[in-house]
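Enquirer: In the working numbering, the protein residues as written are 494 to 706. One structure follows; several queries about it will come next.
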């Protein structure tokens, strides 16, 4: 039994101290962690530098635009379009205002509007002022930025209404011929809707006129 015990004992002996191979493995692992952290940190710094550079470049361009006060070609074109629309709207409302505004010159028309709503004459006058101010503001802004304002006076060639109170001046719009195409309404509510695959040309144009005499 003694000999058997002496043979078994060596096989059960274990060492709790790490050998040279395990120490080297831990060292290599730690160096890998440090390298990865350094790599990630360098990426973060580079990304921050790129982002800061992009922001700085954008701000520089913005400051340059502010210093010159110039509008881009597209911005100027959009503002001119808006100013032209406001001038056309103002021309239309001016004609209504001459007839039925609070200082309009057509008593019968004013009475008819007031029958619909007692505030209508004031509404017409206020809307006219609004459209005129919109056009004036947009043109003033264009001028302040060194751009040409919109002037449609050369196109005021349409005749004025002959109704009582109307001024005999050239117009951009004509209240005697308010042609409005309403075919889209019935077309898009029927089987002729092209969105549903119809190839029909749709119903003929419906026109409405509201002349003033």
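Built from N, CA and C at the ideal position, the CB exists for glycine as well.
With DSSP collapsed to three states, give me the class of residue 566.
Expert: By 1-based counting over the chain shown, the position of residue 566 is 73. Of the three classes helix, strand and coil, the one that applies to residue 566 here is helix, per DSSP.
Enquirer: Can you tell me which of 632, 589, 682, 595 puts its alpha carbon nearest to the alpha carbon of residue 575?
Expert: For this step, residue 575 is matched to residue 82 along the chain shown. Nearest C-alpha to residue 575: 632.
Enquirer: Give me the Cα-Cα distance between residue 643 and residue 577, rounded to the nearest whole angstrom.
Expert: As a first step, residue 643 must be located in the chain shown, where it is residue number 150. As a first step, residue 577 must be located in the chain shown, where it is residue number 84. One C-alpha to the other measures close to 6 Å.
Enquirer: Which word fits residue 706, buried or exposed, when buried means at least 16 other C-beta atoms lie within 10 angstroms of its C-beta?
Expert: Position 213 of the chain shown, counted from the start, is the residue given in the question as residue 706. The pLDDT assigned to residue 706 is 38, lower than 50, so where the model puts this residue is not dependable; a value taken from the coordinates is nonetheless given after this. So residue 706 ends up on the exposed side.
Enquirer: In angstroms with no decimal places, state the Cα-to-Cα distance between residue 704 and residue 564.
Expert: For the purposes of this step, residue 704 is identified with residue 211 of the chain shown, where counting begins at 1. For the purposes of this step, residue 564 is identified with residue 71 of the chain shown, where counting begins at 1. Its pLDDT being 41, under 50, residue 704 is placed unreliably by the model, and nothing is read from it.
Enquirer: Near residue 585, what residues of its chain come up, given a Cβ to Cβ distance below 6 Å and the 5 sequence neighbours on each side ignored?
Expert: Taking the chain shown and counting its residues from 1, one reaches residue 585 at position 92. So the list reads 666, once near-sequence residues are dropped.
Enquirer: Round the Cβ separation of residue 603 and residue 611 to the nearest angstrom and send it over; I've been treating them as touching at under 8 Å.
Expert: Counted from its first residue, the chain shown places residue 603 at position 110. Counted from its first residue, the chain shown places residue 611 at position 118. That belief does not hold up - the Cβ atoms of residue 603 and residue 611 are roughly 11 Å apart, past 8 Å.
Enquirer: My output table needs one value for residue 665: the three-state DSSP class, helix, strand or coil.
Expert: To locate residue 665, count along the chain shown from 1; it is residue 172. It is coil, neither helix nor strand.
Enquirer: Name the residue from 615, 566, 595, 663 whose alpha carbon lies nearest to the alpha carbon of residue 647.
Expert: Working through the chain shown from its first residue, we reach residue 647 at position 154. The option with the nearest alpha carbon to residue 647 is 663.
Enquirer: Where does residue 585 fall in DSSP's three states?
Expert: Locating residue 585 in the chain shown gives position 92, counting from the first residue. Residue 585: helix per DSSP, three-state reduction.
Enquirer: Leaving aside the five residues before and after residue 645 along the sequence, list all residues of the same chain whose C-beta is less than 7 Å from its C-beta, in chain order.
Expert: The residue given as residue 645 occupies position 152 in the chain shown. Contacts found: 577, 580, 665.
Enquirer: Measuring CA to CA, which of 609, 661, 636, 641 is closest to residue 650?
Expert: Position 157 of the chain shown, counted from the start, is the residue given in the question as residue 650. Closest option to residue 650, Cα to Cα, is 661.
Enquirer: Between which two residues does the alpha helix (DSSP H) harbouring residue 599 extend?
Expert: On the chain shown, position 106 is the one that residue 599 refers to. Here residue 599 belongs to no alpha helix (DSSP H), and DSSP marks it neither H nor E.
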